Structure formats: structure tokens, C-alpha cells
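A quick write-up on the structure given underneath.
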Amino acid sequence: MSALSDRDVLRIAELSRLALTPDERARLGRELTAILTYVEQIGGIDTSGIEPTSHVQLDDTTLRPDETRPSLSREAALRNAPDAIRGAGLFRVPKVIG
Amino acid sequence: MSGGIHHWTARETRQAIRTKAASATEVVQALLARIARLDGRDAAGGGLGAYLHVDPDRVLTRAAALDAEHGTATDRPLFGVPVAVKDNLCTRDVPTTAASRILERFVPPYTATAVERLEAAGAIVLGKTNCDEFAMGSSTENSAFGVTRNPWALDRIPGGSSGGSAVAVAAGLAPVSLGSDTGGSIRQPGALCGVVGFKPTYGRVSRYGLLAFGSSLDQIGPFARTVQDAADIFASMAGHDVADATTAHAAVPDVSALGAGASSTPLTGRRIGVPRALLGSGVDAAVQAAIDAALTVLEGLGATLVDVELPHAAAAIPVYYLVATAEASSNLARYDGVRYSSRSKLAPGDDLATLYERTRGEHFGAEVKRRIMLGTYVLSAGYYEAYYQKAQRVRTLIRRDYDTAFAADVDAIAMPTCPTPAFRLGERADDPLQMYLADVFTVSANLTGLPAISVPCGFSPDRLPIGLQLTGRPFDEAGLLGLAHAYEQATPWHRETPPLG
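Here the protein sequences line up with chains A and E, keeping their order. The working numbering puts the first residue of the first sequence at 35, with every later residue one more than the last. The working numbering puts the first residue of the second sequence at 181, with every later residue one more than the last.
The structure is reproduced here in C-alpha cells:
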């Protein structure tokens, strides 16, 4: 594992939607490099012909009937919003389209 | 019953209330007084810090309501039993922060199914407990709201991520509690605090209302001072839930009388697998000695010890930290500064992307950012196959190791819960990788979905608790709990209490 550059860290931060300070970026670059170097040991394990496990399914699942059920009211769903137009039932965010 | 109310098990508490030896109100008053004396972070010498949120009025109101129902609702299995709840489980109208600044003022509009079922069984939610932020950590030091101390040695970590729930039970601040276990977050703090910690089979307990971390790994389970209490909590919350499509339809076993009909050799015919090769390196000498002694006790109870191989065990930590962080990076995308609680201040003209980035950058702690970054990286184009998909393939090999062991007619697999006793506060805070290695024995049960329990099995020379981990067959919680109960009843460890007064 070659060390992650500041550009790599910035790109990952952007994909992660995280604003990081220069100090945080430097530190994360070092830490992520160390962790990735460690986890790369699994690269040596032969997995040819082995299916990936994404989810352990230990029991049969059944589909539930497609029926309407009560859910949260708009008022309840908006209660924790840092900014909302409660009367209209809307979350408020900065202008998205210029 | 032994000692004061705070020493009572859940069973003893329920019995005392049922027979009117004590009222639910008296029980919670005693516990609230003890919490006030021992738990506050401003207490002399630093309190334990198990709880983040306790609302005495709410607790007393609930207890009074139960006392008023005495005689008509007394048969409920947890009638009057106080329970502490990890702060990543939603509780309606009660703050739920997951120990994160990003949910600092979040008050859920609904209650997690697991908690709701305990309340329906008559339990009283005593308060919300501290944990590593979003359950990410092994020491509870990643909480945004302060440390939690190990009641056996106040300068040591309680384990994590469910450290507050483990301490609440160990220190007599609740008879039982709930935690969540994604890579050992119930079993490891249970071991380090000298209490029982139980992770049921994946799919057994509904995660509806659990703030998701690693969705293919997360499971809710109890802490208790006895295996029987853990079994009672488990039985009250397990079973299919329409609100969580991953819950199993399998019938919940009857675990209400674990010791019934027990002889002096209750484990005759039971076979316990021991992965000797795995125990060889990196295990503290005191832990090794305690596990060896525990295996001898199990043999004395009639069990046969069988060597088992888990050839891919060394890969469990790398696989876990790839899978768990990938899932976390996706699950935590929802904390965006729009829907829940916290939002950073914006300048005029700042756009929506800035709102997301600044809110998340300013409100997530260092470990959460580290895991989101790692998870995002291993899922990103060009790296997905080498990291994430490779980890998923090795996960299949780890599952096969366990399938092979259980196919050889083994009822359970025994190993330490943790390689060392509790380490000192701050000791590993600057070395994330070193912290991850503490999870070497616990992550496999999450990768395989198998049920696993930690029971107290001794102490280090400096009086720090050590835990024995037993891993069972899928959905055979009854067999696993029976085994753990037989071991517990043959040993004195569960009766030890920390030196708190």
C-alpha cells in the first residue's frame, strides 16, 4: 500500500461529504494508510470460486402483504429538523438550483 | 436475595415486587439515589458516567403506574424490572444521541421494537447509557459526551461500544440493560466489567429503532448479572417484527428455566470446541489461565472438549473492518444536517453540498470520520473489488470454518472474549489499529451471524474481570444459554461485585 496523498484524502472526503481541516487530512492520510496496509493481508487468501457473503441469511424470509400501514405524521417527521416550514410540511435547505 | 436493592437480579426484583416485599417505586428510588451518588461526572474523583440521560420524574411516574396495576398486570415477565438502554436505541420523547454531537438534540418520535417489547413485558426504562459514538469503538472513549469508567478500576476503560450499559449492570445502577453488538460491543464490555453479555443470532431481535451501523452485523442483546436474567430479557424482545424485514420467523425458544432438572454433571453428552491454535498468541497470561480453568470446569460438568480448527480466524479483523466501515459509510449518509437535530452555521450563498460537508465535518467525532472515510474508500470505483468484495469472499470462508466445526457435532465453541483485561483510559486512544485488534475474538460471531455470550470466568492478579466466550449454533440460543448457565452456577464469579460501596 503506497501512502495516501493529500489529494487522495481530499477526494475521499468529498465523496464522504466531510469538510476536514488540514490537520485532520494529514492525520487521516497516515491512519488510513496504516489501516489499509494492515487489511491488505487478506489479499493473499485464495478466494477463487468463492461467492461473496453480503448478508447472512439464516432463516427464510417471507414477503409481507403490500398494504398501507400507519406511519409517522409529517409533523412528527419534521419535529427534529434544524430548519423547516412546519405549516407547509417542508424541510428547508439552501437554494439547490441557481 | 442478597444485600440492598441495587444487588438484586431482575428475577429477584420482579419477585420482590410481585410479593409486595418492595414496590416498583421503592426499587427505582433506590437505583436513582445510587445513580445520583455514583454516576455523575462531577462526583468526587470522577463518577462512573454510565448514563447520558436519566429523567427521574419520568421513571417515578412509570413506576407509580405499574404499582397502581399491581394484581392485574403482575404476571408480566418483567413486571417492575428497571432496564438501562444504550443511547443508540430510539425512545419516544426521550433524547437519543448515539453519543454524537450530530444528534445532540434529537428526540425520536418512536420507540425501538426491542425497547417497546420490554416495556410491554412490564419493564421500566431507567435511562439512556453512554457508548462510543454510533457504537464505533471498543472503549466508550469515542463518546462525544465524556468517558465511562470501569467500576473495578476507575482509571480503566469499561470496554465498548456499549460501555455505559455494561457499567450500569456491574455497578448496581440497573439490574439489566440493553446494548448493541456489531463486532463485540456487548460481549467485550460485558467481559471487561464482569457481567454477562449476550448477542443473539443475527435476525433474532428486531433492529427497528436501532441507529444502524453495520446492517449485516448489528444485533441487539442484554447485559445482566446472571445468565437467567439475560435469557429473560432476550425472550421478552426476540421474535419476528413486521417493521424489520431481516427478523427471523423461527420460534423463540423457552429459556425461562435454564437450570431445571440439573444434575451435578448437566453437560454430559455436550461437546465443546476449542480452537487451540487461535489461543496461542497475543493472549494475556491471566486470560489464558482463566480460560484453561474454565475449560476444566466445563469438563467437570460432563462436557467433552474437542479441538476445532478455524483456519481463517486471523482474517476476521481485516474482513470485519472492511465490511463494517463500508456499511457504516452508507448508513451514516442520512446524517445530513437536514432531518435530524444538528446543522452547522452557513454563510449567505453557501450551497446544499456545503451544508452537508460542514455539518458532518463539525459534528462527527474522529473515529466516525475515520470509518466513514475508510468505508467510502473501499466502496469507491477501482477499489471495490480488491477491498470490499475480497472481504465478502473471505467472510464466506470464515462462515465455512464455523459450519465445518459445528458439522463435527460441536454444540458450542469456547474462547476468551478479549485477549487482555481492561486497559487504561487513554492508553490506545491515539492508535486506532491497536484498538481494532482488541476485537479479535468477537467479530467472527457478527460475520457469521452466530449467537455468542460472554460470562465472567475469573480475575487478573490486579482484580480485573475476565470473560469466557461461548459461540453457539444459529437460533440455538436455548442450548447456548443452558451451557453458560451451567458454567455460571458451578463457579463463584458472578457473585463478585466491584469495590464501590
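Beta carbons: idealized from backbone N, C-alpha and C, even for Gly. Since the structure is predicted, the reported quantities are computational estimates derived from the model, not experimental observations.
Can you check whether the C-beta of residue i is within less than 9 Å of a C-beta belonging to chain A?
| i | result |
| --- | --- |
| G606 of chain E | no |
| Y564 of chain E | no |
| D531 of chain E | yes |
| L660 of chain E | no |
| F655 of chain E | yes |
| Q502 of chain E | Just to set this straight, residue 502 of chain E is Leu in the shown sequence, not Gln. For L502 of chain E, the answer is yes, since a Cβ of chain A falls inside 9 Å of its Cβ. |
| M553 of chain E | yes |
| G694 of chain E | Summary: the structure shown does not reach residue 694 of chain E, with chain E confined to residues 181 through 681, and so no result is reported for it. |
| G317 of chain E | no |
| P380 of chain E | no |
| F414 of chain E | no |
| A546 of chain E | yes |
| Y520 of chain E | yes |
| K570 of chain E | yes |
| Y388 of chain E | no |
| H665 of chain E | no |
| V499 of chain E | yes |
For residue i, name the three-state secondary structure that DSSP assigns.
| i | result |
| --- | --- |
| S360 of chain E | strand |
| M595 of chain E | strand |
| R387 of chain E | coil |
| I79 of chain A | coil |
| L334 of chain E | coil |
| F403 of chain E | strand |
| S634 of chain E | strand |
| G555 of chain E | helix |
| A264 of chain E | strand |
| T309 of chain E | strand |
| F259 of chain E | coil |
| V518 of chain E | coil |
| T271 of chain E | strand |
| I215 of chain E | helix |
| R108 of chain A | helix |
| F125 of chain A | strand |
| R41 of chain A | helix |
| I413 of chain E | helix |
Determine the extent of the alpha helix (DSSP H) in which residue i is found, giving its start and end residues.
| i | result |
| --- | --- |
| S510 of chain E | 496-511 |
| G612 of chain E | First, the residue type needs correcting, since residue 612 of chain E is Pro and not Gly in the sequence shown. Unbroken alpha helix (DSSP H) run through P612 of chain E: 612-617. |
| H665 of chain E | 657-669 |
| L372 of chain E | 367-373 |
| P56 of chain A | 56-73 |
| T534 of chain E | 532-543 |
| V239 of chain E | 236-248 |
| K570 of chain E | 570-587 |
| S624 of chain E | 623-628 |
| V349 of chain E | 343-350 |
Looking at the C-beta of residue i, does it have a partner C-beta in chain E at a distance below 9 Å?
| i | result |
| --- | --- |
| P128 of chain A | yes |
| R120 of chain A | no |
| T87 of chain A | yes |
| S50 of chain A | yes |
| T96 of chain A | yes |
| Y77 of chain A | Reading off the sequence shown, one finds Gly at residue 77 of chain A, where the question assumed Tyr. It does: the Cβ of G77 of chain A has a partner Cβ on chain E nearer than 9 Å. |
| A37 of chain A | no |
| D117 of chain A | yes |
| T102 of chain A | no |
| A60 of chain A | no |
So, is residue i buried or exposed, given that buried needs 16 or more other C-beta atoms within 10 angstroms?
| i | result |
| --- | --- |
| S342 of chain E | buried |
| S357 of chain E | buried |
| G439 of chain E | exposed |
| F259 of chain E | buried |
| E192 of chain E | buried |
| L490 of chain E | buried |
| L52 of chain A | buried |
| I497 of chain E | buried |
| S105 of chain A | exposed |
| Q75 of chain A | exposed |
Following the continuous beta strand (DSSP E) through residue i, name the residue where it begins and the one where it ends.
| i | result |
| --- | --- |
| T651 of chain E | 645-652 |
| I84 of chain A | No beta strand (DSSP E) holds I84 of chain A; DSSP gives it neither H nor E. |
| Y231 of chain E | 231-233 |
| V376 of chain E | 376-379 |
In chain order, each alpha helix (DSSP H) run of at least 4 residues that lies wholly inside the stretch 420-496 of chain E: 456-459, 465-480
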